[in-house]
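In case it helps, the UniProt record's numbering puts the sequence shown at residues 1 to 320.
We put the beta carbon where it would ideally sit given N, CA and C, even for glycine.
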Amino acid sequence: MRALRCNPPGGSGPLLELVELPEPQPREGEVLIEVLAAPISPIDRLSLRGLYPLRPASGIPGAQGVGLVVEHGQGVREPEVGSVVLLPVRVGAWCERLVTPAETLVPLSAHRDPVRACTLRIEALTAAVLLADLEPGECFLHSPGAGSVGRYLTVLARDRGLRSVALVGTREPIAELWGLGADNVLVREPGVQARLSALGLGLPRVAFDGSGGETSGLLGSCLRLGGELIVYGAASRKPVQLPVDQLVFKDIRVRGFWLHRWAETAGYARMRSELEALAAMDLHEQVAARFSLDQWPAALAMAEQPGLRGRVVFTPAKTS
Ligand SMILES: NC(=O)c1ccc[n+]([C@@H]2O[C@H](COP(=O)([O-])OP(=O)(O)OC[C@H]3O[C@@H](n4cnc5c(N)ncnc54)[C@H](OP(=O)(O)O)[C@@H]3O)[C@@H](O)[C@H]2O)c1
């Protein structure tokens, strides 16, 4: 069984190596999974470089994925052999096969494209949880609008009757985001506050910031008095930059959000019910390219290209 193993970050060697490992055998309560799709998400890119607080437990990266149940260990009845399932988070999905407790799997419809469902576990769940505290009909702002979390925020907002304004770096994704159901899409450039006011939506109470850097201040400047900037990431890799007058004169509150912490606090049952709801919806990742495991240098290089739209996805199973 082939897998990608990560080397300690900061070393002079390659980040990953393709290794041959013993075939995993499902024990009692476990199932054997053939991995159909495993994306290269920001969490993977950060953890490969030691920039994420959690390292892949098994030494095999791949924080999320979709697989096919191929064998049951003793005592397992469900999910049935042949089911397509969402894998548990941080399972080490950059491999051909793995074993995991049956109870950690969330079934997907057999008709779904597993590759396009490969980010439900982290990016879609992040978006769903971020939106959970908004009032019906409420308008919110977010950036990067065309990122994976941003696209899910747009689609889920439409589904929940919320009004979304996506901020994007270039005009290129605007038409697509309109198609996904964005109420408005604005390019991050001077004058964005005036354009937001002109939309007549009223100033939002909440902005979700996955960009960091100067975008944080731009989002903050668009909020109403006492508004809240919820920082969930930093695609720019820059610290949050917020002018002091937003904190002092506008009383803008800033807080972070981390899905891992939310899952610890909310508990397994709540997380599972959120995931089951997402799995039942018609949600799709934008896929930039599919690669086999042995093509990992090209896959990683593409995933790190500035301006890339969509996810690079490993499709390790021979059937995919
Ligand atoms: N807190 C959590 O639990 C959690 C969960 C999931 C993700 N995250 C984090 O949230 C952030 C967004 O995640 P995602 O999955 O949506 O990311 P993504 O799909 O990789 O986002 C891509 C977008 O980020 C912007 N971007 C990419 N490179 C950039 C750069 N060098 N400088 C400025 N902007 C850049 C671009 O949008 P524009 O052109 O519009 O700027 C691009 O469309 C990441 O930092 C990720 O680690 C956190």
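If you follow the alpha helix (DSSP H) that residue i is part of, which residue opens it and which one closes it?
i	result
Ala160	Rather than Ala, the amino acid found at residue 160 in this sequence is Arg. Note, Arg160: alpha helix (DSSP H), 148 to 160.
Ala93	Segment: none, Ala93 is in no alpha helix (DSSP H) and carries neither H nor E.
Val129	125 to 131
Leu247	244 to 248
Start and end of the beta strand (DSSP E) containing residue i?
i	result
Ala37	30 to 40
Pro101	97 to 101
Pro107	106 to 108
Val187	184 to 187
His260	Element bounds for His260: not the beta strand (DSSP E) but the alpha helix (DSSP H), 259 to 266.
Arg49	Arg49 -> no beta strand (DSSP E), and no H or E assigned at all.
Ala3	2 to 6
Arg311	311 to 314
Leu68	66 to 72
Glu20	16 to 20
So which of the options has the shortest CA-CA distance to residue i?
i	options	result
Leu21	Arg5, Glu28, Pro9	Arg5
Asp209	Pro39, Leu131, Gly29, Ala303	Leu131
Ala280	Gly62, His111, Ile60, Pro42	His111
Lys238	Arg158, Gly217, Pro26, Pro173	Gly217
Ala63	Gly92, Gly82, Arg49	Gly92
Val35	Ser143, Arg2, Val165	Arg2
Ile252	Gln241, Val81, Pro61	Gln241
Arg188	Gly145, Gly307, Thr154, Ala269	Gly145
Ile60	Pro79, Val89, Pro204	Val89
Glu276	Phe314, Gly137, Leu87	Leu87
Thr119	Ser148, Pro101, Leu141	Ser148
Val206	Leu177, Leu153, Thr315, Arg311	Leu153
Ser273	Thr104, Ala38, Pro53	Thr104
Trp258	Ala317, Gly310, Thr126	Thr126
Ala38	Glu96, Leu54, Thr265	Glu96
His72	Leu32, Asp113, Ala263	Leu32
Glu17	Ser47, Trp94, Val84	Trp94
Trp178	Leu196, Gly220, Val155, Ser197	Val155
Leu308	Pro173, Glu138, Gly10, Glu30	Pro173
Ser211	Leu203, Pro204, Gly220	Gly220
Compute the Euclidean distance between the alpha carbons of residue i and residue j, then round it to the nearest angstrom.
i	j	result
Leu180	Ser12	43 Å
Val185	Val70	43 Å
Asp294	Gln286	22 Å
Glu135	Gly213	28 Å
Gly191	Cys222	10 Å
Ser164	Val106	29 Å
Val313	Asp44	12 Å
Ala128	Asn7	33 Å
Ala57	Pro26	18 Å
Leu167	Glu78	43 Å
Thr215	Gln74	52 Å
Gly150	Val115	19 Å
Gly50	Pro306	20 Å
Glu80	Leu162	37 Å
Gly82	Gly67	10 Å
Val99	Gly65	13 Å
Trp296	Ala234	24 Å
Arg311	Ile230	24 Å
Glu176	Ala182	9 Å
Val85	Phe140	32 Å
Pro101	Ile122	19 Å
Quick check on residue i: buried or exposed, where buried means 16 or more other Cβ atoms within 10 Å of its Cβ?
i	result
Leu225	exposed
Leu199	exposed
Glu23	exposed
Gly267	exposed
Val76	buried
Thr319	Caution is warranted here: a pLDDT of 48 is assigned to Thr319, below 50, making its placement in the model unreliable, and no coordinate value can be reported.
Thr170	exposed
Glu28	exposed
Ser143	buried
Ala298	exposed
Ser109	exposed
Pro14	exposed
Thr315	buried
Phe249	exposed
Leu54	exposed
Glu264	exposed
Does at least one heavy atom of ligand 2 sit under 7 Å from the Cβ of residue i?
i	result
Leu46	This structure does not include ligand 2; its bound ligands are ligand 1.
Which ranges does the alpha helix (DSSP H) cover as unbroken runs of at least 4 residues, wholly within the region 267 to 298, from first to last along the chain? 268 to 279
At 4 residues or longer, and completely inside the region 166 to 234: list those alpha helix (DSSP H) runs for me, N to C. 174 to 180, 192 to 198, 214 to 221
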